[in-house]
Every structure is written in structure tokens, then in C-alpha cells.
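S.K.: Got a structure for you, written out below as C-alpha cells; questions coming shortly.
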Amino acid sequence: MPQKLEGSCHCGAVKFTIESSSPVPFEICYCSVCRKVAGGEGGTIYIGGIESTLKVEGEEHIRKYRAVLNRGTKDEKLANGERSFCSKCSSGLWWDKHVPGEFYPFASAIDTPLKSPPKEMVCCFMDSKPDWVRLPEGPKTLFEKYPDGPGSGSLEDWHRYNGEWIE
6 MPQKLEGSCH CGAVKFTIES SSPVPFEICY CSVCRKVAGG EGGTIYIGGI ESTLKVEGEE
66 HIRKYRAVLN RGTKDEKLAN GERSFCSKCS SGLWWDKHVP GEFYPFASAI DTPLKSPPKE
126 MVCCFMDSKP DWVRLPEGPK TLFEKYPDGP GSGSLEDWHR YNGEWIE
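Per my numbering, the sequence shown starts with residue 6, numbered consecutively.
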């Protein structure tokens with residue numbers, strides 16, 4: 006049975022519950038969008054959520070942001086997915102790709118204790134990581150873009166490959 010997770014923003018105006026079959030925080034994204042929106046040295050950590058189980062209190066405080074990709078180039082376009090955040094405290098809540106089965110709460114918004122990260126972290130979009138950002142200690146697998154392949158692609162792939170998937 007999937008794990009029930011509780012989450013909230015910093016000020017408490019938005020609270021939510023969601024079930025997850027892929028709750029292990031194993032991957033850090035250093036893309037420019039995650040770095041800029043998260044407001045730190047980078048690294049948004051997503052977990053997987055089952056969107057049909059999402060229940061929200063304080064929905065009136067949620068705002069959405071769609072990133073501009075390839076800004077200032079001939080390939081500029083809006084991202085497919087959108088990030089939801091609290092309009093009162095700006096805490097990031099989740100990223101919704103608007104694709105069935107793909108809904109990603111930010112690990113930072115989850116209040117339920119999550120399993121410890123694995124010994125080997127996955128770090129993606131290394132081509133966007135600034136030099137001043139330190140990588141996590143310990144073993145890690147690095148990808149210039151988003152990872153692909155058995156055990157390193159989607160959250161579901163990784164969780165299944167590593168025996169962490171919850172039916």
C-alpha cells in the first residue's frame with residue numbers, strides 16, 4: 006500500500022496529503038529553473054505522488070508558475086509543467102507535469118518523516134550547476150541532463166530498480 010504523506014508550506018496556509026509509491030529522496034536537480042525557484046545553492050528534490058489521492062486545505066493560497074525554457078533564444082517556450090507555491094510565504098509545494106501518473110511533491114514540503122537518502126545520490130543537470138555549488142558528500146551518479154536508463158530514469162524506474170517501490 007502506498008505511503009500517505011502530509012505536507013505544508015512554511016506559514017501553514019496550505020496543507021496537503023498525498024499517497025506515494027516512490028517516497029525516497031534520491032535525486033537532486035541542479036537545472037536553472039530548480040536553482041532559481043528554490044532560492045538556494047540549487048537542488049530541488051522531488052518524490053513521486055499519486056495525484057488522484059491529493060487533498061488540499063488552503064487551496065485559495067496556491068499560485069502557479071510555468072517556467073520559461075531557453076529564455077532569450079529562438080527556442081524560447083513555456084515549460085509543460087507548472088510549480089505550485091504558497092502565495093503567502095512562497096514555499097514550493099509540488100511540480101505538476103500535467104501528464105497522468107506524473108506528479109511531484111517537493112521533498113522540502115513534506116512533513117512526514119521520509120526514508121533516509123540512499124548511499125548513492127543521483128545528481129542531474131550538472132551542465133547547469135554553478136561552480137560555487139558543492140555536491141552532496143559520498144557516492145553519487147552525475148548526469149549532464151536528466152538521467153536515462155534502468156534504475157536512473159524516472160522516479161518509478163529508480164524505486165523499482167532499487168527495491169523501494171511501494172505497491
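All C-beta atoms in this analysis are idealised placements derived from N, C-alpha and C, irrespective of residue type, glycine included.
With which residues is TRP10 paired in a DSSP beta bridge?
M.R.: According to the sequence as given, residue 10 is Leu; it is not Trp. Paired residues: ILE23.
S.K.: Please classify ARG71 as buried or exposed, where buried requires at least 16 other C-beta atoms within 10 Å of its C-beta.
M.R.: Exposed.
S.K.: Taking all protein chains shown into account, do 16 or more other C-beta atoms lie within 10 angstroms of the C-beta of LYS124, making it buried, or fewer, making it exposed?
M.R.: Classification for LYS124: exposed.
S.K.: Just to confirm the assignment, what range does the alpha helix (DSSP H) spanning HIS164 have?
M.R.: Per DSSP, HIS164 belongs to the alpha helix (DSSP H) from 160-166.
S.K.: Using the C-alpha atoms, what's the distance from LYS79 back to VAL127?
M.R.: Taking the straight line from one Cα to the other gives about 31 Å.
S.K.: Whether or not the region 20-32 and the region 46-63 are in contact is what I'm after, with contact meaning three or more pairs of Cβ atoms, one per stretch, closer than 8 Å; do they touch?
M.R.: Flag = yes, the region 46-63 and the region 20-32 touch.
S.K.: Quick one: what's PRO110 bridged to in DSSP?
M.R.: DSSP, once it has assigned bridges, lists TRP99 as partnering PRO110.
S.K.: Report yes if the C-beta distance between CYS129 and PHE148 is below 8 Å; otherwise report no.
M.R.: It is a contact, given that the beta carbons lie within the stated cut-off.
S.K.: In the DSSP output, which residue or residues are listed as bridge partners for LEU119?
M.R.: According to DSSP, which records beta bridges pairwise, LEU119 is partnered with nothing at all.
S.K.: By the DSSP assignment, the beta strand (DSSP E) with CYS91 in it spans what residues?
M.R.: Element bounds for CYS91: 87-91.
S.K.: Which residue wins for smallest C-alpha separation from SER121, given the options CYS16, ALA18, VAL29, GLN8?
M.R.: When only C-alpha atoms are compared, the closest one is VAL29.
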